[in-house]
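Quick notes on the structure that follows.
Protein chains: 2
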Amino acid sequence: MRIGQLAEATGTTTKTLRFYEESGLLPPADRMASGYRDYTDDAVGRVGFIHRGQAAGLTLAQIGQILRIREHGQPPCSHVRDLLGERLRELDAQIAELLALRETISQLHAQAAEPEPDTCSADEVCRYI
Amino acid sequence: MRIGQLAEATGTTTKTLRFYEESGLLPPADRMASGYRDYTDDAVGRVGFIHRGQAAGLTLAQIGQILRIREHGQPPCSHVRDLLGERLRELDAQIAELLALRETISQLHAQAAEPEPDTCSADEVCRYI
DNA sequence: ATGAACCTTCCAGTACAGTGGAAGGTCAAG
DNA sequence: CTTGACCTTCCACTGTACTGGAAGGTTCAT
Chain A
1 MRIGQLAEAT
11 GTTTKTLRFY
21 EESGLLPPAD
31 RMASGYRDYT
41 DDAVGRVGFI
51 HRGQAAGLTL
61 AQIGQILRIR
71 EHGQPPCSHV
81 RDLLGERLRE
91 LDAQIAELLA
101 LRETISQLHA
111 QAAEPEPDTC
121 SADEVCRYI
Chain B
1 MRIGQLAEAT
11 GTTTKTLRFY
21 EESGLLPPAD
31 RMASGYRDYT
41 DDAVGRVGFI
51 HRGQAAGLTL
61 AQIGQILRIR
71 EHGQPPCSHV
81 RDLLGERLRE
91 LDAQIAELLA
101 LRETISQLHA
111 QAAEPEPDTC
121 SADEVCRYI
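Taken in order, these protein sequences are the chains called A and B.
For what it's worth, my numbering labels the leading residue of the first sequence as 1, then goes sequentially.
For what it's worth, my numbering labels the leading residue of the second sequence as 1, then goes sequentially.
Rendered as C-alpha cells:
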C-alpha cells in the first residue's frame with residue numbers, strides 16, 4: 001500500500017503520515033524498488049490508534065510513549081491508566097476554568113448589550129472591559 | 001517611568017512590554033535623552049486593559065483590534081459586544097467538547113482500572129484505546 | 001573609577017501539530 | 001513520447017505569546 005492510499009484509508013494526508021514517521025509514531029516504512037513507502041495493513045490500525053489517542057486528548061508525545069513501550073514487548077496498560085487519570089484531572093481543571101471564564105464573559109456581554117454607548121468616555125479604552 | 005517600573009506596576013516583564021509595543025498593543029513609548037523608554041501613567045491602564053482582555057479570553061490580536069478602533073476616535077463598544085458574543089459561543093462549544101471528552105476518558109479510565117492486564121494481546125497496541 | 005543594576009537592539013528559540021513549496025524521480029495511459 | 005498523478009527529500013513556515021541570551025550603552029552609589 002502506498003502512502004497516498006494509507007492517507008485515504010485513514011482520513012489524513014501524506015504530509016501528516018511522513019511527519020508521524022519522522023516523529024517516531026510510525027515505524028519507518030518498507031520501501032518498494034522505486035523508493036516509495038510500502039505499508040502493510042497494520043499501518044491502518046496504527047494510524048487509527050494515533051487518532052483514537054488524540055480523540056482521548058493525549059498529545060502525540062504521549063501516544064508515542066505508549067507505542068514505544070508496546071514495541072519493547074511490555075503491555076502499556078498501567079502506563080495508559082496513569083496517563084488517562086492524569087488527563088482526567090487536567091480536563092477537570094480546564095473545564096472549571098472555562099466555566100468561570102464563561103461566567104465572566106457572560107456578565108460582560110450582558111452589560112455590553114445595554115443600549116447606552118453614548119456614555120463611552122474618551123479617557124477609558126472601553127468601559128465593558 | 002522606565003520600562004522596569006512599568007513592568008513592576010503591571011505585574012509583567014520588560015520583555016513582554018517590548019513585545020507588546022512591537023505587536024502594536026502599546027504605542028511606541030517616548031524616549032529619554034539616554035534612549036530609555038519613558039512611560040506616562042496611562043501606560044499602566046493600557047497594560048491593565050490588555051490583561052483584562054486576556055482574562056476575558058480574547059487573543060492579543062483581538063485586543064489590538066479594539067485598541068486600534070479606540071485610537072481612531074470611535075468607541076469600540078459594539079465591536080467589543082460582538083467579540084464577546086463570539087467568544088461566548090466559542091466557549092460554549094469548547095466546554096461541550098471537553099465535557100464529551102471527559103466522558104470518553106472517564107469510561108476508558110474506568111475500564112483500565114479493572115485488574116486484568118494479563119489479557120493484553122500482542123496484536124493490538126492497547127485494548128483500552 | 002568601578003561595579004551593580006538598569007536599559008538598548010537584534011537574533012533565535014520554545015511548544016504543538018502539522019502545512020507549503022521547490023526540485024526532482026516513477027509509473028501507467030494515451 | 002509525453003502528460004498527469006503519484007512519489008521522494010529538504011527547508012522553511014504557520015499561529016500564539018512570549019522567553020533567552022549576546023553585545024553594548026546609561027545611571028547611580030561607593
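Note that CB positions come from ideal geometry on N, CA and C, so glycine has one too.
Check                                                                                                                                                                                           : Outcome
Under the DSSP definition of a beta bridge, which residues are partnered with Arg52/A?                                                                                                          : Paired residue(s): none; Arg52/A is not in a bridge.
How would you call Leu99/A, buried or exposed, if buried means at least 16 neighbouring beta carbons within 10 angstroms?                                                                       : exposed
Cβ atoms of Ile95/B and Leu91/A: under 9 Å apart, would you say?                                                                                                                                : no
Roughly how many whole angstroms lie between the Cα atoms of Val47/A and Arg68/B?                                                                                                               : 46 Å
Specify the secondary structure class of Arg31/A as computed by DSSP and reduced to three states.                                                                                               : strand
What do you get for Gly57/A, buried or exposed, if any count of 16 or more other CB atoms within 10 angstroms of its CB means buried?                                                           : buried
Secondary structure at Arg46/A, three-state DSSP: helix, strand or coil?                                                                                                                        : helix
Relative to the C-alpha of Leu6/A, which candidate in Gly24/A, Asp42/A, Glu22/A, Ser23/A has its C-alpha closest?                                                                               : Asp42/A
Would you kindly work out how many angstroms separate the C-alpha atoms of Val44/B and Ala61/A, rounded to a whole number?                                                                      : 40 Å
Determine the DSSP secondary structure at Arg37/B, reduced to helix, strand or coil.                                                                                                            : strand
List the residues of chain B whose Cβ lies closer than 8 Å to the Cβ of His109/A, in chain order.                                                                                               : Arg81, Leu84, Gly85, Leu88
In chain order, what residues of the same chain lie with their CB nearer than 6 Å to the CB of Asp30/B, ignoring the 5 residues before and after it?                                            : Asp38
For the putative contact between Leu88/B and His79/A, defined by C-beta atoms under 8 Å, what is the C-beta separation to the nearest angstrom?                                                 : At roughly 39 Å, the Cβ-Cβ gap does not stay under 8 Å, so Leu88/B and His79/A are not in contact.
Using DSSP with H/G/I as helix, E/B as strand and the rest coil, what is Thr104/B?                                                                                                              : helix
Consult DSSP for Ser23/B and reduce its assignment to one of helix, strand or coil.                                                                                                             : coil
Roughly how many whole angstroms lie between the Cα atoms of Ala32/A and Arg70/A?                                                                                                               : Position check: residue 32/A holds Met in this sequence, whereas Ala was assumed. Met32/A and Arg70/A: Cα-Cα distance of roughly 27 Å.
May I have the straight-line CA-CA distance separating Ile3/B from Gly53/A, to the nearest angstrom?                                                                                            : 45 Å
Where does Glu86/A sit, in a helix, a strand or coil, going by DSSP?                                                                                                                            : helix
Assign Ala112/A to buried or exposed, taking buried as 16 or more other Cβ atoms, counted over all protein chains shown, within 10 Å of its Cβ.                                                 : buried
Starting from the C-beta of Ser23/B, find all residues in its chain whose C-beta is less than 8 Å away, skip the five residues before and the five after it, and write them out in chain order. : Leu60, Gly64
Rounded to a whole number of angstroms, what is the C-alpha to C-alpha distance between Glu103/A and Arg102/B?                                                                                  : 21 Å
With a threshold of 9 Å between beta carbons, is Gly35/A in contact with chain B?                                                                                                               : no
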